[in-house]
Amino acid sequence: MSGKLGVEIAALVEENLRLVPDFPMQGVLFRDITPLFANGPAFAELVALLANRYAGKIDMVAGLESRGFILAAPLAAELGIGMIAIRKAGKLPGPVVGVDYALEYGTGRLEVQPASVPKDSRVLVLDDVLATGGTAKAACDLLSQCGAHVVEVAVLMELIDLKGKDKLAEIPFVTAVQVREQD
């Protein structure tokens, strides 16, 4: 259940990516999305395109720490709906609920304040990049645990070599751009 966010969004992402060779390690071509956030007109257009796609289809936008917040907050504001902050463990004042998930080396934990998740709300999970899929899947599990319905997971860029969307097999997933780690 995966698809594309659209050619306009893909073009904005591709035009505003900065390629950084050998970061964070030798042989990796890092794709830095922050120039898109720094380009005011392009960022505004991105938010408008996302708002057009999701208007009337969602009640809340869930942003994943940390760059997901940069995307989710203006989209929620543009749509006149709320934003849910899904954070790493220990960052939110209680009460919180959390879920553990596997990382490449060890485990991580995501938390949310259940009071920020309306029961039966239709939620978009939004982030900048999908890598292994562990964080996105954990966020979906956490929202479901709080009584919300995840409508879709959307990311600007998917690292296809890491097969993260496989973890989201039961959840609608869209991306603007698919890239290989070594390209």
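Position 113, counted from 1, in the sequence shown is what UniProt numbering calls 113; the numbers after and before it change by one each time, with no gaps. Yeah, the Cβ is synthetic: ideal placement off N, Cα and C, and Gly gets one too. All values reported here derive from a predicted model rather than from experimental measurement.
Distance between residue j and residue i (C-alpha atoms, nearest Å)
i: glycine 179; j: phenylalanine 23; result: In the sequence as displayed, the identity of residue 179 is valine instead of glycine. Computed Cα separation, rounded: 15 Å.
i: alanine 131; j: threonine 175; result: 12 Å
i: phenylalanine 43; j: leucine 36; result: 6 Å
i: alanine 55; j: valine 123; result: 12 Å
i: isoleucine 58; j: alanine 76; result: 10 Å
i: aspartate 120; j: aspartate 127; result: 22 Å
i: arginine 67; j: leucine 103; result: 18 Å
i: glycine 90; j: valine 99; result: 12 Å
i: leucine 168; j: glutamine 145; result: 16 Å
Option nearest residue i by Cα separation, candidates the options
i: leucine 49; options: Ile33, Leu71 and Glu65; result: Leu71
i: threonine 135; options: Ile160, Ile58 and Gly108; result: Gly108
i: isoleucine 160; options: Gly133, Val125 and Ala138; result: Gly133
i: valine 153; options: Gly147, Leu162 and Cys140; result: Cys140
i: valine 7; options: Arg87, Gly27, Arg53 and Ala38; result: Arg53
Inter-residue CB distance, residue i and residue j (contact presumed, cutoff 8 Å)
i: isoleucine 9; j: leucine 46; result: 6 Å
i: isoleucine 81; j: valine 112; result: Contact doesn't hold; Cβ gap of about 16 Å is too wide.
i: leucine 5; j: alanine 51; result: Rounded, the Cβ-Cβ distance is 13 Å, inconsistent with contact.
i: proline 93; j: proline 114; result: Contact flag wrong, Cβ pair sits at about 13 Å.
i: serine 2; j: lysine 163; result: Incorrect: roughly 12 Å between the Cβ atoms, too far for contact.
C-beta contact flag for residue i and residue j at 8 Å
i: residue 186; j: isoleucine 171; result: Absent from the model: residue 186. The displayed extent of the chain is 1 to 183, so no value can be given.
i: valine 129; j: glutamate 14; result: no
i: leucine 29; j: proline 21; result: yes
i: alanine 138; j: tyrosine 101; result: yes
i: aspartate 32; j: leucine 12; result: no
i: valine 117; j: alanine 85; result: no
What runs of the alpha helix (DSSP H), each 4 residues or longer, lie entirely inside the UniProt domain "Phosphoribosyltransferase" (49 to 158)? 67 to 79 and 134 to 145
At what residue ranges does the region 6 to 38 contain a whole run of the beta strand (DSSP E), taking only runs of 3 or more? 18 to 21 and 29 to 32
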